[in-house]
Amino acid sequence: MGAPLFPQHVIARKRDGHELSRDELAAFVRGATDGSWADYQLSAMLMAIFLRGMTPQETAHYTAAMLHSGVVADLSSVKQPRADKHSTGGVGDKVSLHLAPMVAACGVAVPMISGRGLGHTGGTLDKLESIPGFNVNLSLAQYRRQVADIGLCLIGQTAELAPADRKLYALRDVTGTVECIPLICASILSKKLAEGTQVLVADVKYGRGAFMPEKARARELATALVRVAQAMGTPTRAVLTSMEQPLGRAIGNALEVRESIDCLQGHGPADTMEVTFALGEQMLLLAGAAKTAAEARRQLEQSLGNGAAREKFRAMIQAQGGNGAVIENPDLLPQARIRRPVASPANGFVQDVDPMAVAMAVLRLGGGRTNAEAAIDPAVGISDLVKVGEPVEAGAPLAVIHANDEAAAEEARAMLARAIVVGDSLVEPSALLGEMIS
Ligand code: URA
């Protein structure tokens, strides 16, 4: 046993730009988990890391310590290979909802622990909870059983998984230390690797609607995620995808579930399906369920064509207490009282759809959160949203607003009228898929 590592000494070493040892990083994470470091010491350390950065070796040690601050789910009883995906989040990103059952229908189990929406990005758990009865709060034992039984389970983070991240993320949120690649990398991977997946595909978004708008920074994060996860024994790839306009045509919790059901029925929006197939192919390849991307694509298409993915989705909904009939009858999902079209001001082509402005309109409608405890309205949002490059006629709808409040509907309409630009020139949307990091 070495000399005790006092918080102030470890903080000072990082402050002065030294590379911290595995033991020093473990002491910091232990301090966050058992409360032996005060919040001001944890916060000082986070700021020192933010300002000084971390070497790849430090990031790996820190991630391992975060992962082992809690339980790592043992899914060895699951017979199939296991794969998961993580998205850094965007506007209208509902891909997990239909991708997970598609991959599960191809014989690869998907144990997925997801988060809630905060700020401008939506959260998979909030979307699923718009399905009447759906329970995202399963115990780890229930989660393990369901992955073994149907090859698919989608839940929220439990208290046992990566508790250090829970503590440190809350502090980062209020100390200006969120936007730091080593901290983000450890935060994401400690939760994802605790869920018991064998391989991981990360969708790292860049562009105006992304958590990390600059492509170079998104690439840096993708590289760190891949490098650290691989060093920890989890084969991982990252795909960079653009978030320069919302994904799909629906934004808002129940409306996105409805669009995911469309995807499972084989008529999802082209951009949403492009991202879905790109990620799904990598999941099947990494899990060893396909030898080539073309073969993986065929399997995924087949899962849609023969209804197997849709049935997996139903099995998951029912296993988690939800009403599976939403698949045939999406009108069972919560619906807003007011529908208000946003009319095009002119004939022309859609030049731009600003994803942040669209997200702010959904927030104004009550469909998102401004703090972690805020309630959301699952029914509200935007549907039938036009895409960049599409032709439009004067007076035709550019989008439909779903609201439960007159004043909010009117404000959201004005916000969308500014967010969607119509003009004469024929514009090409920017490419959706960037490079893959493996
Ligand atoms: N998502 C996470 O889980 N953690 C971060 O630090 C940032 C995004």
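Under numbering that gives the first Met the number 0, the first residue of the sequence shown is numbered 0, with each subsequent residue one higher. Note that CB positions come from ideal geometry on N, CA and C, so glycine has one too.
Distances between the C-beta of I187 and the heavy atoms of the ligand URA include at least one below 7 Å. Residue environment for D164: buried (at least 16 other C-beta atoms within 10 angstroms of its C-beta). Burial is judged here by how many other beta carbons sit within 10 angstroms of a residue's own beta carbon; N346 has fewer than 16 and is exposed. Remark: the shortest separation between the CB of K190 and any heavy atom of the ligand URA falls under 7 Å. The beta carbon of L167 lies closer than 6 Å to those of A31 in the same chain, with the five residues before and after it left out.
Distance from the CA atom of P55 to the CA atom of A228, rounded to whole angstroms, is 11 Å. Going by DSSP, P234 is part of no alpha helix (DSSP H) at all; its letter is neither H nor E. Relative to V426, the option among Q334, L432, V352, L137 whose CA is nearest is V352.
One Cα belongs to R297, the other to K290, and the distance between them is close to 12 Å. A direct Cα-to-Cα measurement between I149 and M315 gives close to 7 Å. When beta bridges are read from the DSSP output, R81 appears opposite A108. Residue state for G304 is assigned as helix, using DSSP reduced to three classes. Look at Q298 here: in three-state DSSP terms it is helix.
Apart from the 5 residues on each side of it in sequence, K93 sits with its Cβ closer than 7 Å to the Cβ of K126, G247, E255, E258, S259 in its chain, given in chain order.
By the neighbour-count definition (other C-beta atoms within 10 Å, threshold 16), Q244 is a buried residue.
Put simply, of A358, V341, V203, A269 the residue whose alpha carbon is nearest the alpha carbon of A395 is V341. The secondary-structure analysis by DSSP pairs M435 across a beta bridge with V238. Of the residues A209, L283, I183, the one whose Cα lies closest to the Cα of G121 is A209. L124 has its Cβ no nearer than 7 Å to any heavy atom of the ligand URA.
By the C-beta density criterion, G320 is exposed, having fewer than 16 other C-beta atoms within 10 angstroms. Within the same chain, and ignoring the five residues on either side of M211 in sequence, the residues whose Cβ sits closer than 7 Å to its Cβ are T87, Y205, A217, L220.
Residue environment: N252 is assigned as buried (16 or more neighbouring CB atoms within 10 Å of its CB, all protein chains considered).
Contact fails between the region 417 to 425 and the region 264 to 275, because fewer than three Cβ pairs, one in each stretch, are under 8 Å apart. Of the residues assessed, K78 falls on the exposed side of the cut-off, its CB having fewer than 16 other CB atoms within 10 angstroms. Looking at the DSSP output, P344 sits in no beta bridge, so it has no partner there.
In the three-state reduction of the DSSP assignment, K204 falls in the strand class, which pools E and B. Secondary-structure assignment with DSSP links H401 through a beta bridge to R338, G380. For G279, the enclosing alpha helix (DSSP H) has its first and last residue at 269 to 285. Between the ligand URA and V177, a heavy atom-to-CB distance of less than 7 Å is present. In this chain, L74 is not harboured by any alpha helix (DSSP H), its DSSP state being neither H nor E. In this chain, the alpha helix (DSSP H) harbouring V357 covers 354 to 364. At a cut-off of 7 Å, the beta-carbon of G114 counts as near the ligand URA: some heavy atom of the ligand is closer than that. With contact defined as three or more Cβ pairs closer than 8 Å, the region 182 to 189 and the region 223 to 242 are in contact.
Taking a cut-off of 8 Å for Cβ pairs, the region 319 to 338 and the region 130 to 141 touch, as three or more such pairs fall below it. For L246, there is no enclosing beta strand (DSSP E), as DSSP marks it with neither H nor E.
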